[in-house]
Amino acid sequence: MRIIQIILFLLAFIATFASATIQIIYPSAQYYLVAGQANEVLWTKEITDTTAFSIFLINSKIVDLKEFALANNVDPRLNKTDVLIGQNLVNTGFQIIFTDIGNITNIYATSEPFEIKPNGTAPIAYVTPTPTPTGTSNSPSVDTSKKSSSNSIHNYGFGTLVLITLLTIILF
Ligand SMILES: *[C@@H]1O[C@H](CO)[C@@H](O)[C@H](O)[C@H]1NC(C)=O
Ligand SMILES: *[C@@H]1O[C@H](CO)[C@@H](O)[C@H](O)[C@H]1NC(C)=O
Ligand SMILES: *[C@@H]1O[C@H](CO)[C@@H](O)[C@H](O)[C@H]1NC(C)=O
């Protein structure tokens, strides 16, 4: 009986920390956007998650920009989406953030800083990242671990609840 409890405890422990993360691949320091047209945003995630998010453009150098809405209610399972970049948004130091659709302060992922180039600039040729999680190959695949910081899309509430419940069962 105790063994089963310990196994359940370990499973709950793993579930708590095996939470999905989203990483923004494009745009990045390497992949600029072009003003006045639709641009592709691409992300990866480690575990299937269906929590929709909003996409905002931010740039601390442009005070008036604040959080410029690019997309709303995006399904993470799409892996990518096109966003329209305004004609006048030409500068460096932009970032995009993926946020809770109801609460912009709850940020799921932040891109690297990137540049938006003037309309007419040739769009960048994207390299589609290949799923090589081992990191031992020398292929020119995109190393997602360096592309962006990311935050967990889950809150840890459920896993923590399970953990506490199981601890209670074991101890009493
Ligand atoms: C998103 O990526 C996952 C993992 O690479 C893949 O299984 C899935 O089919 C992709 N979704 C779409 C809509 O392309
Ligand atoms: C929005 O999210 C932040 C951070 O997660 C939280 O502190 C705040 O209470 C939330 N606001 C609302 C209205 O839910
Ligand atoms: C941006 O450039 C494209 C051609 O590259 C042109 O068709 C389009 O009208 C331009 N957009 C604006 C808002 O000028």
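Numbered according to mature numbering (1 follows the signal peptide of the UniProt record, and there is no 0), the sequence shown spans residues -20 to -1, 1 to 152. Don't be surprised by glycine CBs; every beta carbon is placed ideally from N, CA and C.
Rounded straight-line distance, which links the Cα of residue j to that of residue i
i	j	result
I5	E26	13 Å
A89	W23	10 Å
A15	G66	6 Å
N19	D62	5 Å
I87	N68	26 Å
P103	L50	18 Å
N99	Y11	15 Å
K41	I81	25 Å
T101	L64	15 Å
V43	K60	28 Å
T1	T31	11 Å
K46	Q3	22 Å
I76	D29	20 Å
T9	N52	For the sequence presented, residue 9 should be read as Ala rather than Thr. One C-alpha to the other measures close to 24 Å.
T85	Q17	28 Å
F74	F48	11 Å
G137	D55	Low local confidence applies: a pLDDT of 46 at G137 is under 50, so the model's placement there is unreliable, and no value is given.
F33	R57	11 Å
A105	P93	18 Å
N71	L13	10 Å
L37	S91	10 Å
S(-2)	K97	Residue placement at S(-2) cannot be trusted, given a pLDDT of 47 that sits under 50; what the coordinates show is reported in the next sentence. Looking at the two C-alpha atoms, the distance is approximately 36 Å.
P7	N39	14 Å
V107	T79	25 Å
Per DSSP, the bridge partner or partners of residue i
i	result
E92	E92 is not bridged to any residue.
E20	D62
D80	F33 and N83
K97	V14
Y6	L22
V107	Answer is none; V107 lacks a bridge partner.
Q75	I38
A102	Paired residues: none, contrary to the question.
A54	Per the sequence shown, residue 54 should be read as Val rather than Ala. DSSP output for V54 lists F33 as bridge partner(s).
Problem set entry | Check your reading: residues with Cβ closer than 6 Å to ligand 2 heavy atoms | Residues with a Cβ closer than 6 Å to any heavy atom of ligand 2, in chain order: N83, T85 and N86.
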